[in-house]
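In mature numbering (1 follows the signal peptide of the UniProt record, and there is no 0), the protein residues as written are -17 to -1, 1 to 203.
Report on one structure; see the data block that follows.
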């Protein structure tokens, strides 16, 4: 008899320490743990996770051209300067120490290139937001073109896709908006420039990196 009484008391203690939730309470707990309960809310949450952001390149360009407004398909160009002392002797540009010193005096910086590219804006809205321009992906896609001295004394074209994370010791200088036709002509000129006899050999005065950039700018 005493054993039965003790066992009942033990069960009662367990019930108080670990109460069994009612179905209603269980549903409430699930609601708190998982606040997204409707398809609409769930969809909005997924969109928030996938919300597009402006590319770093677009942000840099719009900061540089702070007084300009861009739209999809706009073409733009600007220059990038390697600041004084940032170019090391023996890198891709094979200028001698004496040539680099003279170039620095001539230009006021170590090196220069030109960036030509396009503004790309795309509506990425889904469902009721589609086509309203409220969800936009904005990018700038462009290439950096610059001329260097090769080991044999000739000039050589270097180019690659420009990224905003370029070396911090390079300074962007504002250029201008241009047309797609002018941009195409300028990009073509980046190669054609080296077909000219006077452009085949590198020269501090008359055929350096800045002379190349000026020739490309003339097409823009």
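Quick reminder that beta carbons are idealized off the backbone N, C-alpha and C, glycines included.
Compare the C-alpha of residue 67 against each of 186, 176 and 86 and name the closest. 86
Can you give me the Cβ contacts of residue 124 inside the same chain, cut-off strictly under 7 Å, excluding the 5 residues immediately before and after it? 100, 101 and 103
According to DSSP, what are the bridge partners of residue 129? 141
Contact set for residue 61: own chain, Cβ-Cβ below 7 Å, skip 5 residues either direction: 47, 98, 155, 156, 157 and 158
Helix, strand or coil: how does DSSP classify residue 162 here? coil
Buried versus exposed call for residue 184 [16 or more other C-beta atoms within 10 Å across all chains shown]: exposed
Is residue 59 closer than 8 Å to residue 44 when the C-beta atoms are compared? For residue 44 and residue 59, yes; Cβs fall inside 8 Å.
What are the partner residues of residue 94, as DSSP defines its beta bridges? 65
Less than 8 Å between the beta carbons of residue 173 and residue 142, yes or no? yes
Between the CA atoms of residue 145 and residue 40 - distance to the nearest angstrom: 8 Å
Whole-Å CB distance - residue 132 paired with residue 78, under 8 Å assumed: 5 Å
Buried or exposed, going by whether 16 or more other CB atoms sit within 10 Å of the CB of residue 202? buried
May I have the straight-line CA-CA distance separating residue 64 from residue 90, to the nearest angstrom? 10 Å
Rounded to whole angstroms, how far is the Cβ of residue 147 from the Cβ of residue 138, which I believe are closer than 8 Å? Not confirmed; about 28 Å, so no contact.
What does the Cβ neighbour count give for residue 191, buried or exposed, with the cut at 16 atoms within 10 Å? buried
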